[in-house]
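J.: Residues in the sequence shown are numbered consecutively from 1, following our numbering. Where a beta carbon is used, it is the ideal one built from N, C-alpha and C, also for glycine. All values reported here derive from a predicted model rather than from experimental measurement.
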Amino acid sequence: MKPKHLISAFDFDAAELKTVFGLARRVKQNPDAYRNLFRGKAMGLIFEKPSTRTWVSFEVGFSTMGGHVIYLGPGDIKLGVREEVRDVARVLARYLDLVVMRTFSHRRIVEFARYFEKPVINGLSDLEHPCQVIGDFFTIEEVLGSVDEKKIAFVGDGNNVLNSLLGIAARLGAQFSFATPREHPPDKAIFRRALNDAKKTKAELVATHLPEKAVEGAQIVYTDVWLSMGEETKAEKMKAFKGFQVNRALMKRAGKNARLMHCLPAHRGEEVTNDVMEGKQSIVFDQAENRLHVQKAILIYLLGMSGQVPAVVE
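What follows is the structure in structure tokens.
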């Protein structure tokens, strides 16, 4: 039987997302009950890009549930340079129970998963960031109760986070509006696929180039950096984002009960002002914490352990 992977936001249907959310709630409420669940299991972290939250949350999550974690950084494997991806994948499948990959190329994760006969998780690629966004929607449901009849807005770059937000919003039937500069839209193929899913779930996906229109009446206002990792030298790109800053005036358009989300790291004074980041409407750090709980749930689900009774704490 083929393993279940999480490479794209489209890899989980609505029922699977709800299962993960339910597991995350249980894990968050009683983490000690799961302390030994992964005893005897090993997870590899293959990271070609720097990381703070993804690395720490996955390593802490797996190890505190009894598993062993092996970190392989940019100089340890050099996938596709020192050794072919397919060879590394087939060897590591003999040693590890699953792998989390953080790469510049989405295609590299897809290729690795083709030969790795166990679960592969996308910890971030140039195209998608599914773990981040599944955690984000868990946070949204935690704060708002559900996504039903709630408006979620994104303002910023058409990057990997927005691509995954579109996929999950479509799967969950959410009302999702996003504003990007004309020069920096989300991936066209992903947007088309999300729109097709939205027809089945009655999700509303609305694209605009006007931040004020996107956030009007929104319960959630989400933003991200304008320059993704590796783009820091593209100063010319910054010019396109004039008027896209999330500040007090923009949050006022959303309403006093709107909440701010940001996947971090944040460039304060660029995509978001410091006062909004530190203000009462910000749930950014609750959002960051939930990465840990949701990724624990994803690991449990992909390892086929959802129905197991948690080990008793010794």
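Among 36, 82, 61, 170, which residue has its Cα nearest to the Cα of residue 17?
T.: Out of 36, 82, 61, 170, 170 has the C-alpha closest to the C-alpha of residue 17.
J.: In chain order, which continuous runs of the beta strand (DSSP E) of length 3 or greater are located wholly inside the segment 145-170?
T.: Qualifying beta strand (DSSP E) stretches, in chain order: 151-155.
J.: Need the endpoints of the alpha helix (DSSP H) that residue 29 sits in, please.
T.: Run containing residue 29: 14-29, per the alpha helix (DSSP H) assignment.
J.: Starting from the C-beta of residue 281, find all residues in its chain whose C-beta is less than 7 Å away, skip the five residues before and the five after it, and write them out in chain order.
T.: Counting only Cβ-Cβ distances below 7 Å, and skipping sequence neighbours, we find 251, 258, 259, 260.
J.: Quick one: does residue 146 have its CB under 9 Å from some CB of chain B?
T.: Note that chain B does not occur in the displayed structure, where there is just one protein chain.
J.: If you drop the 5 nearest sequence neighbours on each side, which residues of the same chain put their C-beta closer than 6 Å to that of residue 223?
T.: These residues qualify, in order along the chain: 155, 156, 246, 262, 271, 272.
J.: Check whether the segment 19-27 touches the segment 41-55, taking contact to mean three or more Cβ pairs, one atom from each stretch, closer than 8 Å.
T.: Cβ pair count under 8 Å is below three, so no.
J.: Whole alpha helix (DSSP H) runs in the segment 36-114 with 4 or more residues, listed along the chain?
T.: Fully enclosed alpha helix (DSSP H) runs of 4 or longer: 53-63, 85-92.
J.: Quick one: measure Cβ to Cβ for residue 152 and residue 175, integer angstroms, because I've assumed they're closer than 8 Å.
T.: Sure, about 7 Å apart at Cβ, within 8 Å.
J.: Do residue 118 and residue 97 have their C-beta atoms within less than 9 Å of each other?
T.: Contact flag set, yes.
J.: Residues in the same chain with beta-carbon distance under 7 Å from residue 161, minus the five sequence neighbours each way, listed in chain order, please.
T.: Once the five neighbours on either side are set aside, the close Cβ partners of residue 161 are 129, 132, 133, 224, 263.
J.: So, at 8 Å on beta carbons, what are the nonlocal neighbours of residue 43 in its own chain, with the 5 sequence-adjacent residues on each side left out?
T.: 58, 62, 67, 68, 69, 70, 96, 97, 98, 99, 100, 299, listed in sequence order.
J.: Does the beta-carbon distance from residue 107 to residue 123 come in below 9 Å?
T.: The answer is no: Cβ separation not under 9 Å.
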